[in-house]
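Asks: Residue numbers (the numbering used here): 11 to 330.
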Ligand SMILES: Cc1cc2nc3c(=O)[nH]c(=O)nc-3n(C[C@H](O)[C@H](O)[C@H](O)COP(=O)(O)OP(=O)(O)OC[C@H]3O[C@@H](n4cnc5c(N)ncnc54)[C@H](O)[C@@H]3O)c2cc1C
């Protein structure tokens with residue numbers, strides 16, 4: 011049985027100037043923390059949740075992270091990543107970063123009334139999945155509700171699943187899910203799907219996918235886990251219908267967590283733009299993981315970014 015260890019508060023001397031402050035303790039931040047600590051940098055990682063791990067902590071299990079032949083508990087993997095980094099000297103603080111001053115040579119990170127200083131800053135604040143906002147949505151995330159087909163699609167072989175959304179991501183993910191599921195129903199609130207024409211062409215060739223328009227998921231009833239019920243409302247006449255299915259995949263947008271750097275760093279569609287060293291448009295300010303402009307947002311790619319960015323930051327600091 012896995013037991014979650016809560017972080018014990020560490021004494022952090024606020025007067026010092028750290029080599030590096032990492033904002034966000036998901037897989038990217040924790041990996042960068044591990045590598046940077048092994049380079050003997052003085053590193054502080056600040057994570058707003060009381061447990062590190064980011065989106066990993068919201069997954070029941072993960073089965074596509076290399077090195078584990080059996081599915082590994084998301085929270086366990088997150089905790090192991092944090093403990094490993096701390097063993098090498100990573101300091102952590104569980105607090106919400108309110109603002110950043112990135113222009114000065116020594117950068118400042120404001121947490122409540124406190125200011126922490128560092129020669130370099132790494133932003134690994136990740137993304138937040140768009141939620142439907144229905145009752146029990148968070149409770150059943152990872153247990154019948156998912157926001158990631160690449161991650162959870164293979165868990166639904168020969169099953170019936172709903173896909174919520176009508177844009178490119180929703181339709182592409184529905185096509186992906188049809189490789190595993192026996193039936194996929196796309197539920198979209200609008201009159202037409204908004205995915206691009208080539209994506210819609212691919213959809214037309216799919217025989218397992220059905221599309222229901224002008225409809226919204228109003229409620230779920232998972233009181234019997236083997237017989238999950240989804241209450242769907244037709245927005246044109248307010249009629250409701252109950253659909254039984256094994257799971258629901260929600261693709262109603264993903265928001266990068268970049269409020270902290272809006273107007274301070276160059277962004278593209280809300281994501282942070284970096285160069286191939288993962289440096290932003292301000293020297294000494296780096297970003298990695300899901301929060302940057304990239305194609306594939308997964309734990310393995312976040313971890314890869316974390317390793318690379320720590321290497322580049324170490325090089326940058328050694329030249330100062
Ligand atoms: C439901 C779901 C299932 C998934 N399944 C898989 C899977 O099976 N396999 C896979 O490879 N990937 C999966 N993913 C994707 C994977 O979780 C992400 O790609 C990965 O977690 C990204 O890591 P990250 O460190 O960049 O960001 P995140 O994991 O998003 O971590 C960002 C961290 O920053 C913190 N933060 C944000 N703002 C602040 C602030 N102001 N101050 C302090 N801290 C802050 C957040 O609390 C969070 O802990 C899944 C994602 C979801 C949502």
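C-beta atoms are modelled at their ideal positions from N, C-alpha and C, and glycine is treated no differently.
As the structure is a computational prediction, the values presented were derived from the model and not from experiment.
Is it true that the CB of residue 220 sits closer than 7 Å to the CB of residue 191?
Replies: Contact flag unset, no.
Asks: Quick one: does the C-beta of residue 148 sit closer than 6 Å to a heavy atom of ligand 1?
Replies: Checking the Cβ of residue 148 against ligand 1 gives no.
Asks: For the stretch 300 to 319 against the stretch 34 to 47, do three or more pairs of beta-carbon atoms, one drawn from each stretch, fall closer than 8 Å, so that the two count as touching?
Replies: Short answer: they touch.
Asks: Starting from residue 199, trace the alpha helix (DSSP H) both ways and give me its first and last residue.
Replies: Counting along the chain, residue 199 falls outside any alpha helix (DSSP H), and DSSP gives it neither H nor E.
Asks: Compute the minimum distance between the beta carbon of residue 289 and the heavy atoms of ligand 1, and state whether it is under 6 Å.
Replies: Checking the Cβ of residue 289 against ligand 1 gives no.
Asks: Could you name the residues of the same chain whose beta carbon sits closer than 8 Å to that of residue 25, not counting the 5 residues immediately before and after it, in chain order?
Replies: Counting only Cβ-Cβ distances below 8 Å, and skipping sequence neighbours, we find nothing.
Asks: Report the rounded CA-to-CA distance for residue 352 versus residue 162, giving the unit in angstroms.
Replies: This structure does not reach residue 352, given that the chain is present from 11 up to 330, and the question cannot be answered.
Asks: Where does residue 117 sit, in a helix, a strand or coil, going by DSSP?
Replies: Strand, per DSSP.
Asks: Use the C-beta contact count for residue 60: other C-beta atoms within 10 angstroms, 16 or more gives buried, fewer gives exposed.
Replies: Exposed.
Asks: At a threshold of 6 Å, does residue 309 count as lining ligand 1 (C-beta to nearest heavy atom)?
Replies: Because some heavy atom of ligand 1 lies under 6 Å away, the Cβ of residue 309 counts as near it: yes.
Asks: Can the beta-carbon of residue 148 be found closer than 7 Å to that of residue 264?
Replies: Contact flag unset, no.
Asks: From this set, 262, 241 and 78, which residue's C-alpha is nearest residue 252's C-alpha?
Replies: Among 262, 241 and 78, the Cα nearest to that of residue 252 is on 241.
Asks: Do you know how far the Cα of residue 214 is from the Cα of residue 106?
Replies: Cα-Cα distance, rounded: 46 Å.
Asks: Nearest-angstrom Cα distance between residue 36 and residue 308?
Replies: So the two alpha carbons sit approximately 11 Å from each other.
Asks: Output the boundary residues of the beta strand (DSSP E) element that contains residue 90.
Replies: First-last for residue 90: 84 to 97, but that is the alpha helix (DSSP H), not the beta strand (DSSP E).
Asks: Quick one: what does DSSP say residue 186 is sitting in, helix, strand or coil?
Replies: Helix, per DSSP.
Asks: Among the candidates 259, 142 and 178, whose CA atom is the shortest distance from the CA of residue 194?
Replies: Checking every option, the nearest Cα to that of residue 194 belongs to 259.
Asks: Got a sec? Which residues, its chain only, sit under 7 Å from residue 152 by beta carbon, not counting five neighbours each side?
Replies: Same-chain partners within the cutoff: 68, 69 and 70.
Asks: Would you kindly report the start and end of the unbroken beta strand (DSSP E) that includes residue 43?
Replies: It is not in any beta strand (DSSP E) - residue 43 instead sits in the alpha helix (DSSP H) that spans 37 to 48.
Asks: In whole angstroms, what is the alpha-carbon distance linking residue 137 and residue 250?
Replies: C-alpha separation (whole angstroms): 33 Å.
Asks: Once the 5 residues before and after residue 303 are set aside, which same chain residues still bring their CB inside 6 Å of it?
Replies: For residue 303, where only same-chain residues beyond five positions count, the Cβ hits under 6 Å are 278, 281 and 283.
Asks: Here's the rule I'm using: 16 or more other beta-carbon atoms within 10 Å means buried, otherwise exposed. How should residue 207 be labelled?
Replies: Residue 207 is exposed by the Cβ-count criterion.
Asks: If you measure from the CB of residue 59, is any heavy atom of ligand 1 nearer than 6 Å?
Replies: Because some heavy atom of ligand 1 lies under 6 Å away, the Cβ of residue 59 counts as near it: yes.
Asks: According to DSSP, simplified to helix, strand and coil, what is residue 30?
Replies: Three-state result, residue 30: strand.
Asks: When you compare each of 189, 181 and 188 to residue 203 by their alpha carbons, which one comes out closest?
Replies: Minimum Cα distance to residue 203 is reached at 181.
Asks: Count the other CB atoms, across all protein chains shown, that sit within 10 Å of the CB of residue 290; report buried if there are 16 or more and exposed otherwise.
Replies: Looking at its Cβ environment, which holds 16 or more other Cβ atoms inside 10 Å, residue 290 is buried.
Asks: Taking just the CA atoms, how far does residue 229 sit from residue 23?
Replies: When rounded, the distance between both Cα atoms is 49 Å.
Asks: Going by DSSP in three states, residue 257 sits in which element: helix, strand or coil?
Replies: Correct three-state label for residue 257: strand.
Asks: In its own chain, which residues sit with a C-beta less than 6 Å from the C-beta of residue 58, not counting the 5 before and 5 after it?
Replies: Only 106 meet the Cβ criterion.
Asks: Could you name the residues of the same chain whose beta carbon sits closer than 7 Å to that of residue 31, not counting the 5 residues immediately before and after it, in chain order?
Replies: Cβ within range, chain order: 54, 56, 119, 126, 128 and 131.
Asks: Which partner residues of residue 240 appear in the DSSP bridge assignment?
Replies: BP columns for residue 240 point to 230 and 253.
Asks: What is the rounded straight-line gap between the Cα of residue 154 and the Cα of residue 116?
Replies: The alpha-carbon atoms of residue 154 and residue 116 are separated by roughly 46 Å.
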